[in-house]
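Taking our numbering, I'd label the letters of the sequence shown as residues 40 to 398.
Glycine included, every Cβ here is placed at the ideal spot set by N, Cα and C.
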Amino acid sequence: MSIWRWADLIDFVPEHARITLGEGQTPLVRSRRIGPSAGLKNLYFKLDFVSPTASYKDRFAAATVSHMVAAGKTRCIATSSGNTGASLAAYCAAAGIQCLIAIVEGAPLGKLQQMLCYGATLYRIRGFGADAAITSAVFDLILKWGSEPDAAVQVSSYKYSAPGMTGVETVAFDLAEQTPTIDHLFCPAGGGGLAVAAARGFRKLVECGVLAKSPAVEVVQPEGNDTMATPLRDGHAQAREVTSTTRISGLQVPTVNDGHWAVTECRASGGSGHVVTDDEVWETQRRLARDEGLFTEPAGAVALAGALRAARERRLAPDAHIICMITGSGFKDPHSVEEAVAATAGAPLVSLEEFARLN
Ligand SMILES: Cc1ncc(COP(=O)(O)O)c(C=O)c1O
C-alpha cells in the first residue's frame, strides 16, 4: 500500500526519492447501526486512521517528505496540532531528516508522545491554536526559519505546502475505486486542507473522465472554530478568522489557511457547511466505538456528527450514498475517552477465587 500508486495524479516526485510507510488505500466500511438508526440507508466510513501513524495526515507526510528528499533538504520545520507533527516526525525519521515542530497549546498527550518517540524536537507555544494573532506570528517565524537553503516549512495546507497536499487528494482516488456511487463526502475541517484536497481529487477524476460528476464535499466544523462552515452554508464568498474555543484537538485553527478555497471549491462540488457542538462530537465518538466498533479521536467523529445533524435537519436524502471521513485514532487522545470509560464498570482487579465466583 502506498500513495505512490497514484503517482501520475499527484505532484511529481522522482521514484528514487519516494518515501512510503504503507499509507493510503484505507478501508471503507458500511455503517451497521448508526446509519439505519438515523434513517440513512447507505452510510459508510472511510477509515483513514488505519494508517502508519494512525491519522490521514500520512498521505500528506509521505508526499511532502518525499519532495524534501528530492530537493536535498535536511531540516523540516513545521507547525502542528499533533497529527501532522506525528506524521512528519515518522516520515522524517524514515528519510533521515531532522524535524522541529511548533505545537498548539492544547495538543493531547498521545500525539506529543508519538512525535517525541520518532525523535522530533517539539515546542508547545502558549496561545498558538487559540489566538489568531499569536497563531499568525508563529507562522511568520516558521516561514522565516524555513527559508534557509537546507530547510523546508511544512504545514498541512495548500497555503503553505501545496505539493505535499496533492498526496491527500489520493483519498478521492481511493474512494472512486472502492465504491461506484458517492453522493456526499463529509470531512472534518480545521484549516480546511482535507476538504479542499478531497474536492480537488474528485475534480481531477472528473477532468480525466473517471467520474461523470464530483460528489458533494461537505465541510463540518465545531461551532467553536467555525471559520468556513457557516460562510459556506450561508453563501458567503470567503472564510473568516475566529477566536478558537473548541476543545476538539486538530480542529483548533483560528486562522483562515485553506478556508477560502474550501468555501469556493466545496460549494462548486455541491457541498455545504455543517456546524456541530463539542458535546455532539464526544457523543458521536462514543457511539462510533459502542455501535460500530470504531475507536476514533474526537476530530475523527466530527464528519459523522455533521452528517447526523444534516440528517436530523432533513438535508440528506435517506437513500443517498454518504461517506464520513474517520481521520484519527482514539489512541491519539486518551483524555477524550476518560468520561466514556468512567461510565463503565471499569476493570476491577480481583483474585482468582473472586473471578471463579462471577459466573
Ligand atoms: C484527526 C484530524 N481530522 C481532521 C483534521 C482537519 O484537517 P484540516 O486542518 O486539513 O482541515 C485534523 C487536522 O489536524 C486532524 O488531526
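Per the contact definition of three or more C-beta pairs closer than 8 Å, is the stretch 344-357 in contact with the stretch 299-315?
yes
Taking DSSP's pairing of strands, which residues face V192 in a bridge?
I116
Between the alpha carbons of A169 and T266, how many angstroms are there, rounded?
13 Å
Residues in the same chain with beta-carbon distance under 6 Å from A171, minus the five sequence neighbours each way, listed in chain order, please.
E280, P293 and T294
Give every residue of the same chain whose Cβ lies closer than 7 Å to the Cβ of P357, excluding the five residues on either side of it in the sequence, and list them in chain order.
G78, L79 and K80
With DSSP as the reference, please indicate the residues paired to T160 in a beta bridge.
The partner list for T160 (beta bridge, DSSP) reads L139.
Cα separation between I58 and L180?
28 Å
Considering Cα atoms alone, identify which of E144, V108 and S120 is closest to C130.
Note on residue identity: the sequence assigns Tyr, not Cys, to residue 130. Per the Cα distances, V108.
DSSP three-state call for M267: helix, strand or coil?
Reduced to three states, the DSSP call for M267 is coil.
Can the beta-carbon of L127 be found closer than 8 Å to that of A100?
yes
When you compare only the Cα positions, how much space is there between D317 and G367?
When the Cα atoms are used, D317 and G367 turn out to be separated by approximately 16 Å.
Once DSSP output is grouped into helix, strand and coil, what is the label at C226?
strand
Tell me whether S94, by its Cβ, gets closer than 7 Å to a heavy atom of ligand 1.
yes
Return no unless some Cβ of chain D is closer than 8 Å to the Cβ of G385.
In summary, chain D is missing from the structure at hand, where a single protein chain is found.
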